[in-house]
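Heads up: the sequence shown begins at 1 in full-length UniProt numbering, then just goes up one per residue. Using N, Cα and C, we set each Cβ at its ideal position, and we do this for glycine too.
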Amino acid sequence: MLTRKKFAASIFVKCFLTTFCRVRPLLFLILPVTLSLFLPNAADAAVYAQGNLALVFEAQSGKTSETLPLHDNLTALWCQATENGQDKLPIKSSKFLQVNPPPTRMHKGDVVENRAHLRFGRVTPSAVGKYKCEITTESGDFVTGNLFVYMRPVIYNNGSLKLDQAEEGKPFHLVNTGLSKVVRGEIARLTCPAIGYPIPSIRWFRDGEPIGISEKFVQLGNQLHIKEVDDPDEGIYNCDFEVKLDQHLRVTSSLSWLIPLIVIFVILILLFLTIYLCAAWKRYKHAQYNVAQKEKCLRKAEEQQLHEDEDE
């Protein structure tokens, strides 16, 4: 019984090693692909865009208009193509797109010493927003990067509002001295034309109390709609706006880098173990063949040996 178990075990080992040795070439193809999942890709060192990221439009008042706009002196946004963060690659062409707020507008930049510039000078709030720099290098690489011109929220008055400072010395606290009237039972529409970048989020208040959005009070963009207006809806309505910046925070372990490293070591150990077992298996088969050959030669030699005590 024991002999049969040993025989079955030897057959299993032989089949296992034979199969491993046959698929060994595939391991050399699989290993680079597997390592590429955990090690930084060579493409990470490719050409990328680099720039000064942002400028800030300093608003001196809480209101602006087409006839009396705010102004500020801005320098320039710039970007360049690089491989290592230090050396600038030769630029074949470049342009800047103002993508937000819409519609998208294209601006032609000028290139100085392999760096693309979008120069501003004295500008109005129309220059505020998100820009995209697009560069094509002499070698044919195409890179893009996002740049920004920030401004705190202000009221853009198209002439429909009579705005004054609510208090002296507070240029960003405004009051509409005009009176909004609406017929009882109709829909009242109050507008808060706030502009800025990032795009401001608007909150509405009545007599200092925040308004809860409901079927009666509906907020659509920068407007507050009050349905079926009645006497209790009279009051002082004001809008407050703020800039929100959403950021995603992901918490990881300080030793999270160990997992890819352990996987790599395990793969390498399995690879070398497979190579060693295949080599040992080949040596074993070669040794078995040599033993059989030697036994065959010995038997043949014994048959051909001449013994002195044999009769002629």
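Note down, one range per segment and in chain order, each beta strand (DSSP E) of at least 3 residues found wholly within the stretch 114 to 151.
Listed in chain order, the beta strand (DSSP E) runs fully inside the stretch 114 to 151 are 116 to 123, 129 to 137, counting runs of at least 3 residues.
Please state whether DSSP places D231 in a helix, a strand or coil.
Secondary structure of D231 (DSSP, three-state): helix.
Exposed or buried, what is L174 when buried is set at 16 or more other beta-carbons lying within 10 Å of its beta-carbon?
Around the CB of L174, 16 or more other CB atoms lie within 10 Å, so the residue is classed as buried.
Report all residues from its chain with a CB closer than 8 angstroms to the CB of R184; omit the five preceding and five following residues, and keep chain order.
Taking R184 as the centre and dropping the five residues before and after it, the same chain places the C-beta of V229, D230, D231 closer than 8 angstroms to its C-beta, in chain order.
Presumed contact (8 angstroms Cβ cut-off) between F205 and I211, rounded CB distance
Going by Cβ atoms, the distance from F205 to I211 rounds to 6 angstroms, so yes, they are a contact pair.
Contacting residues, own chain, Cβ-Cβ under 8 angstroms from residue 317 (five flanking each side not counted)
Any answer about residue 317 is impossible in this case: the structure gives the chain only from 1 up to 312.
Check whether the stretch 61 to 74 touches the stretch 106 to 115, counting contact only when three or more Cβ pairs, one atom from each stretch, lie closer than 8 angstroms.
With fewer than three CB-CB distances shorter than 8 angstroms, the stretch 61 to 74 does not count as touching the stretch 106 to 115.
CB contact flag (A46, C79, <7 angstroms)
Against a cut-off of 7 angstroms, the Cβ pair of C79 and A46 comes out as no contact.
Identified DSSP bridge partners for S65
BP columns for S65 point to N157.
Run through DSSP, which three-state label would V266 get?
In the structure shown, V266 sits in a helix (DSSP, three-state: H, G or I).
Compare the beta carbon distance of V123 and L89 with 7 angstroms and say whether it is the shorter of the two.
For V123 and L89, no; Cβs fall outside 7 angstroms.
Please list, in chain order, all residues of the same chain as R189 whose beta carbon is under 7 angstroms from its beta carbon, the five residues on each side excluded.
Around R189: Q223, H225.
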